[in-house]
Amino acid sequence: MINKKDNPVEWYVRLMELEEIKEHIESLVTQMSKDDAIDEEDFRVQLFHAMTHLNRLWNSRHYSGEINQELHDEFSKTPGDFQAIG
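Per the working numbering, residue 73 is the first one in the sequence shown, and the count goes up by one each step.
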């Protein structure tokens, strides 16, 4: 796992990913709190967008260095090594 001391740039990028996730979830919560319903496609797109940020966080947790488009796409995929706890 990367850390702030040895990987300050990568650490900051991970924090930005978390902020993006937070913004997407907060927006979804606000929308659903305000509206009586949500279109399933809109719901799917918003959740999927947040999930791709989560995927990138997990898949890049050991990676240090520049992330090109190919790596970005690879890191955005659903992790194969992420298992539920409990």
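The beta carbon of each residue, even a glycine, is placed where N, CA and C say it ideally should be.
When DSSP states are grouped into helix, strand and coil, N131 belongs to the helix group. Contact between W83 and I93 does not hold, since their C-beta atoms are separated by about 16 Å, which reaches or exceeds 8 Å. In the three-state DSSP reduction, A109 falls in the coil class, being neither helix nor strand.
Around the C-beta of T150, fewer than 16 other C-beta atoms lie within 10 Å, and the residue is accordingly described as exposed. For the pair E98 and M104, the Cα-to-Cα distance works out to about 10 Å. Sorting A156, L126 and D107 by C-alpha distance to the C-alpha of E146 places L126 at the top.
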